[in-house]
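J.: I have a structure I would like to understand better, so I am pasting it below and will then ask my questions one at a time.
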Amino acid sequence: MTTTGSSSLMGNPDDAGRFGRFGGRYVPETLVPACAELEDAFRQAWDDPIFRSEFDELLHRYAGRPSGLTECKNLSSQLGFRVFLKREDLNHTGSHKINNVLGQTLLAKRMGKTRIVAETGAGQHGVATATAAAYFGQECVVYMGEVDIARQALNVYRMRLLGAEVRPALSGSRTLKDAVNEAMRDWVATVESTYYCLGSVMGPHPYPWMVREFHRVIGTEALSQCQEILDGDVPDVVVACVGGGSNAAGIFSGFVDTRAELVGVEPAGGAAVGRLVPGVVHGSMSFLMQDEFGQVQEAQSVSAGLDYPGVGPEHAHLAEIGRARYEPVTDTEVLNAFELLSRTEGIIPALEPAHGLAWMVKAKDELAGKTVLLNLSGRGDKDVAQVQAIRDGDPSALETVDFSSEANNTNGAQ
Ligand SMILES: Cc1ncc(COP(=O)(O)O)c(C=O)c1O
Numbered sequence: 021m022t023t024t025g026s027s028s029l030m031g032n033p034d035d036a037g038r039f040g041r042f043g044g045r046y047v048p049e050t051l052v053p054a055c056a057e058l059e060d061a062f063r064q065a066w067d068d069p070i071f072r073s074e075f076d077e078l079l080h081r082y083a084g085r086p087s088g089l090t091e092c093k094n095l096s097s098q099l100g101f102r103v104f105l106k107r108e109d110l111n112h113t114g115s116h117k118i119n120n121v122l123g124q125t126l127l128a129k130r131m132g133k134t135r136i137v138a139e140t141g142a143g144q145h146g147v148a149t150a151t152a153a154a155y156f157g158q159e160c161v162v163y164m165g166e167v168d169i170a171r172q173a174l175n176v177y178r179m180r181l182l183g184a185e186v187r188p189a190l191s192g193s194r195t196l197k198d199a200v201n202e203a204m205r206d207w208v209a210t211v212e213s214t215y216y217c218l219g220s221v222m223g224p225h226p227y228p229w230m231v232r233e234f235h236r237v238i239g240t241e242a243l244s245q246c247q248e249i250l251d252g253d254v255p256d257v258v259v260a261c262v263g264g265g266s267n268a269a270g271i272f273s274g275f276v277d278t279r280a281e282l283v284g285v286e287p288a289g290g291a292a293v294g295r296l297v298p299g300v301v302h303g304s305m306s307f308l309m310q311d312e313f314g315q316v317q318e319a320q321s322v323s324a325g326l327d328y329p330g331v332g333p334e335h336a337h338l339a340e341i342g343r344a345r346y347e348p349v350t351d352t353e354v355l356n357a358f359e360l361l362s363r364t365e366g367i368i369p370a371l372e373p374a375h376g377l378a379w380m381v382k383a384k385d386e387l388a389g390k391t392v393l394l395n396l397s398g399r400g401d402k403d404v405a406q407v408q409a410i411r412d413g414d415p416s417a418l419e420t421v422d423f424s425s426e427a428n429n430t431n432g433a434q
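Okay, so the sequence shown: first residue is 21 according to our numbering, each after it adds one.
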């Protein structure tokens with residue numbers, strides 16, 4: 021059983037849902053009661069041993085937890101430090117996203133909500149939500165930026181196969197930020213029957229806290245797996261990629277009270293924490309990419325799942341107090357890391373966690389002789405066609421992949 025550990029550095033937020041000065045609840049009047057209802061329902065459920073055991077059971081029997089811990093001997097000898105992977109790629113649906121989604125859809129069922137809306141970037145959260153909605157017999161609508169629909173065609177098909185309706189977000193950069201806007205608009209209009217299953221540790225309170233708690237299992241498992249292999253010790257460094265920050269929050273929560281250094285890796289074109297500029301987006305205060313007029317800037321990344329200009333508020337807090345550091349990597353470094361792990365270890369990573377590995381390769385002098393744990397948040401099947409197109413010299417594949425006729429059929433929200 022996981023615990024919230026309120027004396028932990030990653031314990032509960034304050035009553036206003038803040039981590040230090042970040043977080044809170046910046047939403048229209050119409051959503052205040054919905055957020056309060058959700059907070060109440062989550063507090064009660066999380067204190068209820070029946071809910072906790074149903075959740076644990078789902079993670080075990082349906083998602084396949086515990087996920088493994090793999091030592092990468094070939095990569096370690098190539099890089100000059102010891103590398104371990106937490107294998108979230110082996111979960112049902114191929115990423116860490118299923119942990120949070122099973123928690124939230126179970127909560128939706130408990131709250132009597134029959135319709136689920138979600139946003140998705142890479143499609144992994146959308147696939148996980150469509151999967152859980154199918155399992156629980158809930159109606160499911162997934163909003164996805166038009167650009168992401170094109171570059172993640174396989175996941176779009178998966179969601180439809182699972183019975184979800186995929187609706188394109190056509191505004192702004194037509195990526196994750198715009199999909200969140202659409203999902204929130206839907207939620208405001210249908211709040212009586214609809215549950216908004218948010219896919220990362222962002223949004224208004226209680227989402228950043230609740231989503232982190234549903235992912236805490238990653239850190240809890242990884243801590244005991246590492247201690248078993250390292251004779252009671254912990255890795256020197258724990259690394260995770262950061263889009264909204266949910267897989268990082270999950271793994272960091274297991275190590276935040278230990279001596280391990282925590283490193284979040286962002287795409288250079290979406291480095292919200294790296295810029296240290298506070299602002300409000302999607303219901304909470306955090307670090308955020310914005311121009312001199314305070315307008316949200318568009319993130320740019322080869323990886324749809326990290327193409328987000330903000331970051332969860334708890335990461336802004338961890339950065340501000342100096343407990344975690346956040347480092348940028350370029351698309352080129354990521355593509356090289358994607359191929360490196362495939363060739364050295366026979367594991368094709370998703371482009372998102374390839375960011376973590378890209379930083380490790382770059383920091384190899386600093387890491388020499390150390391033990392490093394990387395959260396392998398997802399597998400690369402969804403990205404293979406995109407990387408192939410990039411390597412074949414299709415320049416559009418770096419930003420807007422548009423090579424699939426199936427993917428272009430975005431209007432029919434089936
Ligand atoms: C495999 C994978 N890792 C990481 C992320 C980024 O999300 P987060 O920062 O919330 O973990 C995504 C998002 O879609 C993803 O699919």
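Where a beta carbon is used, it is the ideal one built from N, C-alpha and C, also for glycine.
Where does S397 fall in DSSP's three states?
T.: On the sequence shown, position 377 is the one that residue 397 refers to. DSSP places S397 in coil when its eight states are reduced to three.
J.: Let me make sure I understand the geometry here. Which of R411, R45, L196, A374 has the alpha-carbon closest to that of L396?
T.: Counting from one through the sequence shown, the residue named residue 396 turns up at place 376. The candidate whose alpha carbon is nearest that of L396 is A374.
J.: Would the C-beta of P373 count as close to ligand 1, meaning under 8 Å from any of its heavy atoms?
T.: Within the sequence shown, numbered from 1, the residue matching residue 373 stands at position 353. Checking every heavy atom of ligand 1 against the Cβ of P373, one is found closer than 8 Å.
J.: In whole angstroms, what separates the C-alpha of H235 from that of I271?
T.: Residue mapping note: residue 235 aligns to position 215 of the sequence shown, counting from 1. Residue mapping note: residue 271 aligns to position 251 of the sequence shown, counting from 1. The straight-line gap from Cα to Cα measures roughly 8 Å.
J.: Taking the alpha carbon of M30 as the reference point, which residue from E91, M230, A370 has its own alpha carbon closest?
T.: Counting from 1 along the sequence shown, the entry for residue 30 is found at position 10. Among E91, M230, A370, the Cα nearest to that of M30 belongs to M230.
J.: Tell me whether R217, by its Cβ, gets closer than 8 Å to a heavy atom of ligand 1.
T.: Taking the first residue of the sequence shown as position 1, residue 217 is located at position 197. The sequence shown places Cys at residue 217, not Arg. No; taking the cut-off as 8 Å, the Cβ of C217 has no heavy atom of ligand 1 nearer than that.
J.: Runs of 3 residues minimum, wholly inside the segment 115-175: which ones carry the beta strand (DSSP E) assignment?
T.: Listed in chain order, they are 135-140, 159-165.
J.: Buried or exposed: T50, going by 16 or more other Cβ atoms within 10 Å of its Cβ?
T.: If you number the sequence shown from 1, residue 50 lands on position 30. Label assigned to T50: exposed.
J.: Quick check: what's the CA-CA separation for A336 versus G314?
T.: Your numbering for residue 336 matches position 316 in the sequence shown. Your numbering for residue 314 matches position 294 in the sequence shown. Answer to the nearest angstrom: the Cα atoms are 17 Å apart.
J.: Apart from the five residues on each side of it in sequence, which residues of its chain come closer than 8 Å, Cβ to Cβ, to Q317?
T.: As a first step, residue 317 must be located in the sequence shown, where it is residue number 297. Excluding positions up to five away in sequence, the list reads M309, Q310, D311, P329.
J.: Let's see if you can read the secondary structure: which residues bound the beta strand (DSSP E) around F104?
T.: As a position in the sequence shown, residue 104 is number 84, starting the count at 1. From DSSP, the beta strand (DSSP E) with F104 extends over 102-107.
J.: If you run the structure through DSSP and keep just helix, strand and coil, what is Q320?
T.: Working through the sequence shown from its first residue, we reach residue 320 at position 300. Q320: coil per DSSP, three-state reduction.
J.: In the DSSP assignment, find the alpha helix (DSSP H) that holds T210 and state where it starts and stops.
T.: As a position in the sequence shown, residue 210 is number 190, starting the count at 1. Unbroken alpha helix (DSSP H) run through T210: 196-210.
J.: Tell me whether N111, by its Cβ, gets closer than 8 Å to a heavy atom of ligand 1.
T.: Here residue 111 refers to the residue found at position 91 when the sequence shown is read from its first residue. Because no heavy atom of ligand 1 lies under 8 Å away, the Cβ of N111 does not count as near it: no.
J.: Under the three-state reduction of DSSP, which class applies to L387: helix, strand or coil?
T.: Taking the first residue of the sequence shown as position 1, residue 387 is located at position 367. Three-state result, L387: helix.
J.: If you follow the beta strand (DSSP E) that C261 is in, where does it begin and where does it stop?
T.: Translated into the one-based positions of the sequence shown, residue 261 becomes position 241. Note, C261: beta strand (DSSP E), 257-261.
J.: Between the Cα of V103 and the Cα atoms of C92, N111, C55, which residue gives the shortest distance?
T.: One-based indexing of the sequence shown puts residue 103 at position 83. V103 has its Cα closest to that of C92, out of C92, N111, C55.
J.: Would you kindly work out how many angstroms separate the C-alpha atoms of D385 and F101, rounded to a whole number?
T.: Residue numbering aside, residue 385 sits at position 365 when the sequence shown is read from its first letter. Residue numbering aside, residue 101 sits at position 81 when the sequence shown is read from its first letter. Rounded to whole angstroms, D385 to F101 spans 9 Å at the Cα level.
J.: Between H116 and ligand 1, is there a pair consisting of the residue's CB and a ligand heavy atom that are separated by less than 8 Å?
T.: Taking the sequence shown and counting its residues from 1, one reaches residue 116 at position 96. Yes, ligand 1 has a heavy atom inside 8 Å of this Cβ.
J.: Is it true that the CB of A370 sits closer than 9 Å to the CB of R399?
T.: For this step, residue 399 is matched to residue 379 along the sequence shown. For this step, residue 370 is matched to residue 350 along the sequence shown. Going by C-beta atoms, R399 is nearer than 9 Å to A370.
J.: Among residues of its own chain, excluding the 5 on either side of D109, which ones have a beta-carbon nearer than 6 Å to its beta-carbon?
T.: To locate residue 109, count along the sequence shown from 1; it is residue 89. For D109, where only same-chain residues beyond five positions count, the Cβ hits under 6 Å are L396, G398, R399.
J.: Under 8 Å from any heavy atom of ligand 1, does the C-beta of C261 make it?
T.: Position 241 of the sequence shown, counted from the first residue, corresponds to residue 261. Yes, the beta carbon of C261 sits closer than 8 Å to at least one heavy atom of ligand 1.
J.: In the structure shown, what three-state DSSP assignment does M1 receive?
T.: Look at the range of the chain in this structure, 21 to 434, and you will see that residue 1 is not part of it.
J.: Quick one: Cα of P415 to Cα of E347, how far?
T.: If you number the sequence shown from 1, residue 415 lands on position 395. If you number the sequence shown from 1, residue 347 lands on position 327. Near 26 Å, if we compare the C-alpha coordinates of E347 and P415.
J.: Helix, strand or coil for A291? Go by DSSP, reduced to three states.
T.: One-based indexing of the sequence shown puts residue 291 at position 271. Coil.
J.: Pop quiz: A148 and V121 are said to be a contact at Cβ under 8 Å. What is the actual Cβ separation, rounded to whole angstroms?
T.: Along the sequence shown, read from residue 1 onward, the residue named residue 148 stands at position 128. Along the sequence shown, read from residue 1 onward, the residue named residue 121 stands at position 101. Yes, they are in contact, since the Cβ atoms of A148 and V121 sit about 4 Å apart, within 8 Å.
J.: Taking the alpha-carbon of T125 as reference, which of R38, A65, V257, A344 has the nearest alpha-carbon?
T.: Here residue 125 refers to the residue found at position 105 when the sequence shown is read from its first residue. Of the candidates R38, A65, V257, A344, the one whose C-alpha sits nearest the C-alpha of T125 is A65.
J.: For C217, which of helix, strand or coil comes out of DSSP?
T.: Translated into the one-based positions of the sequence shown, residue 217 becomes position 197. Residue state, collapsed to three classes: coil.
J.: Please classify A427 as buried or exposed, where buried requires at least 16 other C-beta atoms within 10 Å of its C-beta.
T.: Position 407 of the sequence shown, counted from the start, is the residue given in the question as residue 427. In this prediction, A427 has a pLDDT of 30, which is less than 50 and means its spatial position is unreliable; what the coordinates show is noted afterwards. Label assigned to A427: buried.
J.: Would you say K106 and L89 are within 9 Å of each other, going by their C-beta atoms?
T.: In the sequence shown, counting from the first residue as 1, residue 106 sits at position 86. In the sequence shown, counting from the first residue as 1, residue 89 sits at position 69. Yes, the pair counts as a contact, with Cβ atoms nearer than the cut-off.
J.: Is the beta carbon of E353 closer than 9 Å to that of K390?
T.: Mapped onto the sequence shown, residue 390 falls at position 370. Mapped onto the sequence shown, residue 353 falls at position 333. For K390 and E353, no; Cβs fall outside 9 Å.
J.: Taking 8 Å as the line, does the beta carbon of H337 fall inside it for any heavy atom of ligand 1?
T.: For the purposes of this step, residue 337 is taken as the residue at position 317 of the sequence shown. Every heavy atom of ligand 1 is 8 Å or more from the Cβ of H337, so no.
J.: Taking Cβ positions, are A138 and Y177 nearer each other than 9 Å?
T.: For the purposes of this step, residue 138 is taken as the residue at position 118 of the sequence shown. For the purposes of this step, residue 177 is taken as the residue at position 157 of the sequence shown. Contact: no.
J.: Looking at the secondary structure, which residues open and close the alpha helix (DSSP H) in which R363 lies?
T.: For this step, residue 363 is matched to residue 343 along the sequence shown. Run containing R363: 351-365, per the alpha helix (DSSP H) assignment.
J.: Rounded to whole angstroms, what is the Cα-Cα separation between Q434 and S213?
T.: By 1-based counting over the sequence shown, the position of residue 434 is 414. By 1-based counting over the sequence shown, the position of residue 213 is 193. Confidence in Q434 is poor, its pLDDT being 23 and thus under 50, which makes the residue's placement too unreliable to answer from.
J.: Taking a contact to mean a Cβ-Cβ separation below 9 Å, would you say G284 touches V293 in this structure?
T.: Residue mapping note: residue 284 aligns to position 264 of the sequence shown, counting from 1. Residue mapping note: residue 293 aligns to position 273 of the sequence shown, counting from 1. Contact flag set, yes.
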